[in-house]
Each structure stands twice: as C-alpha cells, then as structure tokens.
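J.: For the sequence shown, position 16 (counting from the first letter as 1) is numbered 17 according to full-length UniProt numbering, and the numbering increases by one without interruption.
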Amino acid sequence: TVQHDTPTAAASGAGATERFKSDKSGGGAGTPPERVDLLAREVLSAVHDTIRRHRVTYAEYNALKAWLIDVGETGEWPLFLDVWVEHVVEDVATEHRQGNKGTIEGPYYVPDAPERGSHGTLPTRPDEKGAPLTWTGQVRSTDGTPLPGAKIELWHADDDGYYSQFAPGIPEWNLRGTFTADGNGEFGIGTVRPAPYQIPTDGACGRLIAAAGWHSWRPAHLHVKVSAPGHEQLTAQLYFPGDAHNDDDIASAVKPELMLDPEPAADGRGETVVYDFVLDPV
Ligand code: MBD
Ligand code: FE
C-alpha cells in the first residue's frame, strides 16, 4: 500500500474533527458565563491540586504541553475526549431513564446513512470479512407500546477495525445504514460480526497509552442510535459475550445491559441474535 492509502491516526483524527465541527460544535454555544466560570475554575483547580500533591516538575509540565499540542496536530481531540471523558457525560445525561441503557457515541458516527427498510442488510463489500450476523428486534415505549416507524441507525467497524469515511479505501457507506421499524415496531438487520477494535496507536492518544503502559483495545461493538417521535433518542453500543476486553474497555463504555446473546444460525451461516429497544417518552 502506498502511504496515503494507509490508515493513520492523523487521517482518522482529521475526519473525526471535521465531522464534529459540522454536526455538533455549535451545541454548547450560549453556556452562561457563571457556568463557564464555575466549571473552568473547578477543572483548573483539580489540575493545580494534582500538581501540588505530586510535585509535578517542569520536565513533566513540558511533556504535557508537548502532548496537548500533539493531540491537536493529530486531530485527536474527538478521540481523546470520547475515549476518556464521554462515558461520564453519558451517565449523567441518561441516569433518569427507565428504558434502555445507552452508552457513548464515540467519534465515528455519520448522520443520514442510506435507508435500508425495516428488514435489510448493511452495505458490505463482496469480500467483506466477518461471520454473518442476523439481528431481529422490536422498538417499544416504556409502557410496552410498539413504535412503528422508529429509526435504527447502525454503524460499525470492519474486521480490520476500520470505519468507512474515517479510513481510506472503504466505500462511503460501508457498514452504515438506517432501518425503519415496521407496523409492529419490528426490524431485522443483516451484517457481519465486528472484530475487537484498537484505537489508533500512531497518534497522540497512542503515545499516552504507550507512555502510561495501558492498552488500546475496545471490545467488538455495534453502534446504534434509535429514535422515534415523542421519545428521547437512544445512543448505544452492543457487545458480544466472551470478548477479552469487555471488562477493560479503554473507553469504559460497556454495560451488562448492552451484552448480546448470539446463537449459531439454524442454517449454519453465522449467528442470530434478538435485541429489543425501549425508549423513554420525552
Ligand atoms: C471507537 O470505535 C469508539 O467506538 C470509541 C468510543 C472510541 C474510539 C473508537
Ligand atoms: Fe466504535
């Protein structure tokens, strides 16, 4: 492969940064000054306390400064924040829910993936690697009412751990699609089982992981966003039992409620799984 066809942290970082700027960067505008003052002061004071408690040196301060510059230059602010911070924001934002548990969105969501109907398959390449996975389910409200027309947006990495639109050489909407629940709120999705995922190791986040002696793995996961009129949108990820990283996800995004229970398919082709969603009314 030539250089520009090789997936790099900087290229996926640039993609994630662009994506964020166009979809979400206006979201926090209008945060009142009292709130900015409070939060900024508390975060800075936590940093100051750490410096005093551990007698941080100039060498360490400069290492941090170099690293922060590097995070920006490799475009990894979305990755860094989503891996090490978003899970707490998500917990706080969804703690009141009666319906499905959710988890973090991560940096690789793209809105408006092509429609696949109520029962269909995600777009795959002819030689797509990974065991076939057939998933059926129903979307309901917390009172048990089915939600016909609910939207299920699904996206996941390929067997090499790459997401379309964030790594080179993958068709634009590969392994991304939008499904619409039928008159009973039911849906059926065919895809391939994803592989465990390693966050890019050749950027600033990878350098932090190496310097701290951590690992860079997330368990295999399917990302979803589920929405229906009059209901809170659910952002979740679904996981597979037995994955080596279910208990030590680098992004701290696994919850027991999000574990799938796949079974070998009756026709011998891969696996089938049933997983329903329950949405909270707004
Ligand atoms: C991912 O695929 C992901 O889901 C998260 C949360 C962070 C980095 C890469
Ligand atoms: Fe992911």
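Ideal Cβ placement from N, Cα and C applies to all residues, glycine included.
Just reading off the beta strand (DSSP E) that G191 is part of, what are its end residues?
T.: Where G191 is concerned, the enclosing beta strand (DSSP E) stretches over 187-193.
J.: Let me check you understand the geometry: is the CB of A237 closer than 7 Å to at least one non-hydrogen atom of the ligand MBD?
T.: No, the Cβ of A237 stays beyond 7 Å of every heavy atom of the ligand MBD.
J.: Using DSSP bridges, identify the partner residues of T137.
T.: Paired residue(s): G189, V275.
J.: Would V225 and A213 qualify as a contact pair, given that the criterion is a beta-carbon distance under 8 Å?
T.: No.
J.: On the three-state DSSP scale, how would you describe R219?
T.: Strand at R219.
J.: Tell me whether R54 sits in a helix, a strand or coil according to DSSP, three-state version.
T.: In this structure, R54 counts as helix in the three-state DSSP scheme.
J.: Out of curiosity, what's the CA-to-CA distance linking A41 and G145?
T.: One C-alpha to the other measures close to 43 Å.
J.: So, are the CB atoms of residue 285 and L134 less than 8 Å apart?
T.: Nothing in the structure corresponds to residue 285, since the chain is present only between 2 and 283.
J.: According to DSSP, simplified to helix, strand and coil, what is P282?
T.: Residue state, collapsed to three classes: strand.
J.: Considering only the beta carbon of each residue, do A158 and P195 sit closer than 8 Å?
T.: A contact, by the Cβ cut-off of 8 Å.
J.: Can you grab the Cα-Cα spacing for the pair D244 / E35, in whole Å?
T.: If you take the alpha carbons of D244 and E35, they lie about 44 Å apart.
J.: So, with DSSP's three-state summary, where would you put I153?
T.: The answer is strand: DSSP assigns I153 an E or B state.
J.: Given 8 Å as the limit, is there contact between the region 60-72 and the region 108-119, that is, 3 or more CB pairs closer than that?
T.: No: fewer than three Cβ pairs fall under 8 Å.
J.: Name the residue from G131, V140, V279, I251 whose alpha carbon lies nearest to the alpha carbon of D183.
T.: It is V140.
J.: Between which two residues does the beta strand (DSSP E) containing A237 stretch?
T.: 235-240 is the extent of the beta strand (DSSP E) around A237.
J.: In three-state DSSP terms, what is Y164?
T.: In the structure shown, Y164 sits in coil (DSSP, three-state: anything other than H, G, I, E or B).
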